[in-house]
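What follows is a short report on a single structure.
There are 2 protein chains.
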Amino acid sequence: MAKFHFEVTKKDSLSRARTGVIFTEHGEIKTPAFVPVGTQATVKSLDNSELTKLKVQIFFVNTYHMVLRPGLEVIEKMGGLHRFIGLNIPLITDSTGFQIFSLGNSKRLKIIGNEKEPKLVKINEDGVIFRSHLDGSEHSFTPEKSIAAQGILGADIAISFDECTFYPASHDYSKAAMERTHRWGLRGLVAAQNKLKDYQALYGVVQGGIYEDLRVQSAKYISSLDFPGIAIGGVSVGESKKEMKSVLKWVIPNLPDEKPRHLLGVGEIDDIFDLVAAGVDSFDCVMPTRLGRMGRTLVQNSKFKVQSWTIDITKAEYADDKRPIDEQCECDVCKNYSRAYLNHLFRAKEPLAYKLASFHNVYFINNLAGEIRKSIEEGKFSEFRKSYL
Amino acid sequence: MAKFHFEVTKKDSLSRARTGVIFTEHGEIKTPAFVPVGTQATVKSLDNSELTKLKVQIFFVNTYHMVLRPGLEVIEKMGGLHRFIGLNIPLITDSTGFQIFSLGNSKRLKIIGNEKEPKLVKINEDGVIFRSHLDGSEHSFTPEKSIAAQGILGADIAISFDECTFYPASHDYSKAAMERTHRWGLRGLVAAQNKLKDYQALYGVVQGGIYEDLRVQSAKYISSLDFPGIAIGGVSVGESKKEMKSVLKWVIPNLPDEKPRHLLGVGEIDDIFDLVAAGVDSFDCVMPTRLGRMGRTLVQNSKFKVQSWTIDITKAEYADDKRPIDEQCECDVCKNYSRAYLNHLFRAKEPLAYKLASFHNVYFINNLAGEIRKSIEEGKFSEFRKSYL
Chain A
2 MAKFHFEVTK KDSLSRARTG VIFTEHGEIK TPAFVPVGTQ ATVKSLDNSE LTKLKVQIFF
62 VNTYHMVLRP GLEVIEKMGG LHRFIGLNIP LITDSTGFQI FSLGNSKRLK IIGNEKEPKL
122 VKINEDGVIF RSHLDGSEHS FTPEKSIAAQ GILGADIAIS FDECTFYPAS HDYSKAAMER
182 THRWGLRGLV AAQNKLKDYQ ALYGVVQGGI YEDLRVQSAK YISSLDFPGI AIGGVSVGES
242 KKEMKSVLKW VIPNLPDEKP RHLLGVGEID DIFDLVAAGV DSFDCVMPTR LGRMGRTLVQ
302 NSKFKVQSWT IDITKAEYAD DKRPIDEQCE CDVCKNYSRA YLNHLFRAKE PLAYKLASFH
362 NVYFINNLAG EIRKSIEEGK FSEFRKSYL
Chain B
2 MAKFHFEVTK KDSLSRARTG VIFTEHGEIK TPAFVPVGTQ ATVKSLDNSE LTKLKVQIFF
62 VNTYHMVLRP GLEVIEKMGG LHRFIGLNIP LITDSTGFQI FSLGNSKRLK IIGNEKEPKL
122 VKINEDGVIF RSHLDGSEHS FTPEKSIAAQ GILGADIAIS FDECTFYPAS HDYSKAAMER
182 THRWGLRGLV AAQNKLKDYQ ALYGVVQGGI YEDLRVQSAK YISSLDFPGI AIGGVSVGES
242 KKEMKSVLKW VIPNLPDEKP RHLLGVGEID DIFDLVAAGV DSFDCVMPTR LGRMGRTLVQ
302 NSKFKVQSWT IDITKAEYAD DKRPIDEQCE CDVCKNYSRA YLNHLFRAKE PLAYKLASFH
362 NVYFINNLAG EIRKSIEEGK FSEFRKSYL
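Protein chains in written order, with the working numbering: chain A, 2 to 390; chain B, 2 to 390.
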């Protein structure tokens, strides 16, 4: 992990918000950073030149999906994820924990299982046995296998194997899962010495559900280990997102200042100012691309008086609307296409619709993250937050 | 039609192949030109910046689809197709004839009709009554309505309303349909005076099925009218493509040298050299984008020893193939992506797959058309044809 390091460049005086730079083998990441999700080694609909144009600094690839398809042997033969994708920017892979546990609870998998035991995940001290969401085949993951897989993928940031509990999990269960995650974290650190490439940084994962004592304990313990960065897990799951502010308030003051902090799976617009104010340095979220595919395009609340920051571009009222999605947006889609044309493309189910909407939405969030960085640098974060929300 | 004109710049000495330039309100088209198809006002998966990068000179939009969705009132309010799409290059619209007759024969529409009379197209002297393939609603088209619709769309080239007969149609039926097409052509020319914009050029349509006497008669008649360009129809339908070379041999010597000739709906690679040699100036074909969506990517036959000029990138043998689709291709996809990555995207059903394959395929044909133009200019068309095929 020679190359990886983090520098805090500015701290906000009224909150825990801060700017910084994460230095990696494949480039720098200015924080706070939005991290789009490229589940299957592609940020849906967007090609590499578009990601470059969007100034995407880093994106997330899901180890679970890579293991099942195309398979690690393909990625290894191709020389790692960067070469496979053909893009030379920082990447981050996850531990597989979240996918295993969330897909293990999905309805689709229940069909494969039997009615009495629909969950297709078996957890023991060694690791997890689960079934593929693609074909029902059985697979297993251990902390060592997760690290070895991420070593082959070769992303700049890897994440320690964790158990992601579901909301609402009891205190007892959350404690047991957290302690297992801690033990798995230690095993992962050992495995990382041989299995990760020199430039890869392994983030430890703080769990502990919605319980203050557990979150504090987890934050302190993970901080005490030799992880170069810290991920905060279990906040995006189910209803627990309501507790995000509390969880961050318990966790972040117990993390070391000098390590970067990534919040896993959270980043709707309403959340972004809160999580930055709480001291998060990076956050990943599928929202911009997922909403984009549904025809929901991001606009500024304050200007458009809409709920949840989006307009539904597929609605009849936009069929002959000459305006761009957002008149003040400077993205290529807003500069070149009308709402009417987008409305038509969505109604005609044209694939271009999903691309254009995703492009705009990723630009919107990425640009917002840039504006937030600027406001922190200039000591105006709280003002910007108020004016924007 | 002030702006529209055509200049022949070079004639091949061994065939009827020729180069030229079509001058239009929205730019020049160097011929022989490949015309991609953007059925619903979008060349599937490709955005305007990509069409520009691909040096697409002109593309086809189907009037029939525009009438049904988004509807002419939307296009009119938006200020025509160019503004609706947001792209300032030459466009061509068709007469609706082909869609009405081909969709009228489709299985999907037969379900809407009754068993005794499954065809949902009624033809009389005035025009055609048909049902929408979207919702079964009844619509009618006449030569005047087709021209009026195309006037609202505002493409640089419009096409006269024609009856597109199906293979194999009898001599009697082909003759009756051709004569109707001729009468409709005259009515269209009259309508064009008021209904087309000044810059729009109306191409007359040569029909006549697979019968030499009818094709000769049709070519001579359409040439005698005041159309600034000639389209050759009915060659792409069913098995009649086998007769393409014969049809072109009957038709083209009977067309005036000074008018541009468009061959409707034909342009697979095997055909391109034949149709150029026969004297065609432009041709449209959905092949590159349709094949692209299926994962069939174009490669040079001579080099790859494949049938039908494609490899099926979804096959397992490409799963870890580091090479680009075609090593000599200079398109952005071949410069930046491996077969392995494309294989993965197709298997994972990622929308990016369709875009990348379509981009390459359109580049491939468009580039081939450029090489053909160059070979004609240099007096080497026959040599190039031999070396390529």
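C-beta atoms are modelled at their ideal positions from N, C-alpha and C, and glycine is treated no differently. Please read these numbers as outputs of a predicted model, since none were measured by experiment.
Give the interface partners of residue i over in chain A, defined as CB-CB distance under 7 Å, in chain order.
i: B/His140; result: Those within 7 Å of B/His140 in chain A number zero; the least Cβ separation is about 17 Å.
i: B/Asp321; result: Val75, Lys78 and Met79
i: B/Arg297; result: Those within 7 Å of B/Arg297 in chain A number zero; the least Cβ separation is about 17 Å.
Name the residue from the options whose alpha carbon lies nearest to the alpha carbon of residue i.
i: A/Leu299; options: A/Cys330, A/Val206, A/Glu318 and A/Phe284; result: A/Cys330
i: A/Glu51; options: A/Glu244, A/Leu88 and A/Arg132; result: A/Leu88
i: B/Leu264; options: B/Glu126, B/Gly234 and B/Met288; result: B/Gly234
i: B/Val68; options: B/Ile312, B/Gln301, B/Ser96 and B/Tyr212; result: B/Ser96
i: A/Val62; options: A/Glu26, A/Gln100 and A/Pro33; result: A/Gln100
i: B/His6; options: B/Ala279, B/Pro91 and B/Lys381; result: B/Pro91
i: B/Thr228; options: B/Glu259, B/Gly268 and B/Thr166; result: Going by the sequence as given, residue 228 of chain B is Phe instead of Thr. Here the closest residue by C-alpha is B/Glu259.
i: A/Thr290; options: A/Glu318, A/Phe360 and A/Ser283; result: A/Phe360
i: A/Pro71; options: B/Ser175, B/Ile124 and B/Asp321; result: B/Asp321
i: B/Ala317; options: A/Phe60, A/Asp127 and A/Val75; result: A/Val75
i: A/Gly209; options: A/Leu203, A/Ile366 and A/Gln218; result: A/Gln218
i: B/Phe102; options: B/Glu126, B/Asp127, B/Phe131 and B/Lys78; result: B/Phe131
i: B/Arg181; options: B/Asn195, B/Lys56 and B/Cys165; result: B/Cys165
i: B/Asp13; options: B/Ser388, B/Glu379, B/Leu390 and B/Leu187; result: B/Glu379
i: B/Leu82; options: B/Trp251, B/Val9, B/Ala159 and B/Val129; result: B/Ala159
i: B/Ser161; options: B/Thr64, B/Val44 and B/Thr40; result: B/Thr64
i: A/Val207; options: A/Lys123, A/Tyr200, A/Trp251 and A/Ala358; result: A/Trp251
i: A/Ala178; options: A/Tyr212, A/Lys196, A/Ala341 and A/Ser388; result: A/Tyr212
i: B/Asp163; options: B/Arg340, B/Asn49, B/Lys387 and B/Val129; result: B/Val129
i: A/Ser283; options: A/Asn49, A/Glu26 and A/Phe60; result: A/Phe60
i: B/Phe167; options: B/Asp157, B/Ser237 and B/Ile86; result: B/Ser237
i: B/Thr351; options: A/Phe24, A/Glu26, A/His66 and A/Lys31; result: Reading off the sequence shown, one finds Glu at residue 351 of chain B, where the question assumed Thr. B/Glu351 has its Cα closest to that of A/His66, out of A/Phe24, A/Glu26, A/His66 and A/Lys31.
Under 9 Å, do residue i and residue j count as touching if we go by C-beta distance?
i: A/Leu190; j: A/Thr94; result: no
i: A/Lys11; j: A/Arg17; result: no
i: B/Asp285; j: B/Val38; result: yes
i: A/Ile253; j: A/Ala232; result: no
i: B/Ala42; j: B/Gln58; result: no
i: A/Ser171; j: A/Gly98; result: no
i: A/Thr315; j: A/Arg294; result: no
i: A/Lys54; j: A/Asp327; result: no
i: B/Ser224; j: B/Pro261; result: no
i: B/Lys176; j: B/Leu135; result: no
i: A/Leu73; j: A/Ala150; result: yes
i: B/Phe382; j: B/Leu15; result: yes
i: A/Ile373; j: A/Phe365; result: no
i: A/Glu29; j: A/Val36; result: no
i: A/Glu139; j: A/Ser133; result: yes
Starting from residue i, find everything on chain B with Cβ-Cβ shorter than 9 Å and list it in chain order.
i: A/Thr43; result: Tyr342, His345, Leu346, Ala349, Glu351, Pro352, Leu353 and Ala354
Starting from residue i, follow its DSSP beta bridges and name the residues at the other end.
i: B/His172; result: The partner list for B/His172 (beta bridge, DSSP) is empty, contrary to what the question assumes.
i: A/Arg297; result: A/Asp313
i: A/Val281; result: A/Val281 is not bridged to any residue.
i: A/Val129; result: A/Ile124 and A/Phe142
i: B/Gly21; result: B/Val9 and B/Thr32
i: B/Leu92; result: B/Phe60
i: B/Cys286; result: B/Pro37
Starting from the beta carbon of residue i, find every residue of chain B whose beta carbon is closer than 8 Å, and list them in chain order.
i: A/Ser50; result: Asp333 and Asn337
i: A/Met288; result: Residues of chain B passing the Cβ test: none, with the nearest at roughly 17 Å.
Using a C-beta to C-beta distance shorter than 7 Å, which residues of chain B count as neighbours of residue i?
i: A/Leu357; result: Asp48
i: A/Ile314; result: Per Cβ cutoff of 7 Å: no residues; A/Ile314 is ~13 Å from chain B at best.
Taking only heavy atoms of the ligand ATP into account, decide whether any of them is closer than 8 Å to the Cβ of residue i.
i: A/Asp333; result: Ligands are entirely absent from the displayed structure, and the ligand ATP is therefore not among its contents.
Which bits of chain A does residue i rub up against, with CB to CB less than 9 Å?
i: B/Arg70; result: His345, Arg348 and Ala349
i: B/Phe85; result: Ser339, Ala341, Tyr342 and His345
At the 9 Å Cβ level, is residue i part of the contact set with chain C, yes or no?
i: B/Gly72; result: No chain C appears in this structure, whose protein chains are A and B.
**Q.** Ordered list of beta strand (DSSP E) runs contained in the segment 202 to 274 of chain B, each at least 3 residues
**A.** 202 to 207, 230 to 233 and 262 to 264
Q) Going along the chain, which unbroken runs of the alpha helix (DSSP H) with 4 or more residues stay wholly within the segment 28 to 89 of chain A? A) 49 to 54, 64 to 69, 73 to 79 and 82 to 86
Q: Only counting runs of 3 or more residues, tell me where the beta strand (DSSP E) segments fall wholly within the segment 333 to 390 of chain B, in order along the chain.
A: none
(Q) Please give the ranges of any beta strand (DSSP E) in the segment 138 to 182 of chain B, keeping only runs that are unbroken, at least 3 residues long and fully inside the region. (A) 139 to 142 and 158 to 160
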